[in-house]
Amino acid sequence: MDGFTGFKAATTEELPDAVPVMGPFHVIRLAGDALENCRRRIQHDIFGRRGMRGDPLHHARRTLLTGTKFLTDKQQTRLEALFPDERHVHVEATWSVYQDMITAYRQEDRRLGKFFLQHTIDRIITGVPAGLIELRKLGRTLKQRTADVLGYFDRPGTSNGPTEAINGRSSTSAAPPSASGTSHTMSPDPASKPEDSDPTYTLVREEPHLPDLSNCSTR
Numbered sequence: 171m172d173g174f175t176g177f178k179a180a181t182t183e184e185l186p187d188a189v190p191v192m193g194p195f196h197v198i199r200l201a202g203d204a205l206e207n208c209r210r211r212i213q214h215d216i217f218g219r220r221g222m223r224g225d226p227l228h229h230a231r232r233t234l235l236t237g238t239k240f241l242t243d244k245q246q247t248r249l250e251a252l253f254p255d256e257r258h259v260h261v262e263a264t265w266s267v268y269q270d271m272i273t274a275y276r277q278e279d280r281r282l283g284k285f286f287l288q289h290t291i292d293r294i295i296t297g298v299p300a301g302l303i304e305l306r307k308l309g310r311t312l313k314q315r316t317a318d319v320l321g322y323f324d325r326p327g328t329s330n331g332p333t334e335a336i337n338g339r340s341s342t343s344a345a346p347p348s349a350s351g352t353s354h355t356m357s358p359d360p361a362s363k364p365e366d367s368d369p370t371y372t373l374v375r376e377e378p379h380l381p382d383l384s385n386c387s388t389r
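The numbering used here puts the first residue of the sequence shown at 171, with every later residue one more than the last.
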């Protein structure tokens, strides 16, 4: 399932013996949202406005969500220019956690992946300064759902992708046709894409790296 607590509550009530598993796609989506929100916050703190063409953080928004294995030379150079700027230290820290979580899911050894993700979750629950508000929010969410997140490694391949696909088709098949014979409600549900159920869909980072977070609140 995804992170909606209503699904968890309903499942626990109706299927008390079932083991809930939070899908990798949804877990990484939470981390990616934290990274995007952090980037936007720092962008506004620096310029007092939303990102515009030519702003370094705005220019790097897609690069930040790309795994280093897939970075072009130009994108790598862009990150190398972005992170040394002390104003961007919160973005670098959040980016590193995002990439470490991806790395955990891509481990061939499930026990190692589970250990690595548990370590990452513990780190952001207990070791993140107050200034890193997006990571602290992510930590609170993951703390509540740690067992569900780590459950994936004991039951690899568990996915709600097929259910999401069925739900998407059901919601669109009942929609009345528009005057032109087509409807915007017939657009494919993004959650129904088959790659959403595949943890390898999220781009991978080769080497886990987390900068020293102890100074993030003061730099």
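Each residue gets a CB set at the ideal place from its N, CA and C atoms; glycine is no exception.
To which residues of the same chain is Asn207 closer than 6 Å at the C-beta, ignoring the five residues directly before and after it? Glu304
Measuring CA to CA, which of Phe217, Pro194, Glu184 and Ala204 is closest to Tyr322? Answer by Cα proximity: Pro194.
Just tell me which of Asp324, Leu308 and Thr328 has its CA closest to the CA of Ala201. Considering only alpha carbons, the answer is Leu308.
Beta-carbon separation (whole angstroms), Thr290 vs Asp318, contact threshold 8 Å: Actually they do not touch by this definition, with Cβ atoms about 16 Å apart.
Could you check where the alpha helix (DSSP H) with Pro226 kicks off and where it finishes? Pro226 to His229
When we look at the beta-carbon of Thr242 and count the other beta-carbons within 10 Å, is it buried (16 or more) or exposed? exposed
Return helix, strand or coil for Thr264, following the three-state DSSP convention. Here DSSP, grouped into helix, strand and coil, assigns Thr264 to helix.
When the distance is taken between beta carbons, is Val267 closer than 7 Å to Ile212? No, the Cβ-Cβ distance between Ile212 and Val267 is not below 7 Å.
Helix, strand or coil: which one does DSSP assign to Leu194? Sequence inspection shows Pro at residue 194; the Leu mentioned does not correspond to that position. Looking at Pro194 - three-state DSSP - the assignment turns out to be helix.
Go ahead and pull the three-state DSSP assignment for Leu241. coil
Below 8 Å CB to CB, which residues in the same chain sit around Gln288 once its five sequence neighbours on both sides are set aside? Same-chain partners within the cutoff: Thr316 and Leu320.
Does the stretch 222-234 come into contact with the stretch 245-256, if we say contact requires no fewer than three beta-carbon pairs (one atom in each stretch) closer than 8 Å? yes
Identify, in the order they occur along the chain, each residue of the same chain with its Cβ nearer than 8 Å to the Cβ of Thr311, setting aside the five sequence neighbours on each side. Here the set comprises Gly173 and Leu200.
Suppose the cutoff is 7 Å on Cβ atoms and the five residues either side in sequence are ignored; what does the same chain contact list for Ala274 look like? Gly283, Phe286, Leu287 and Thr290
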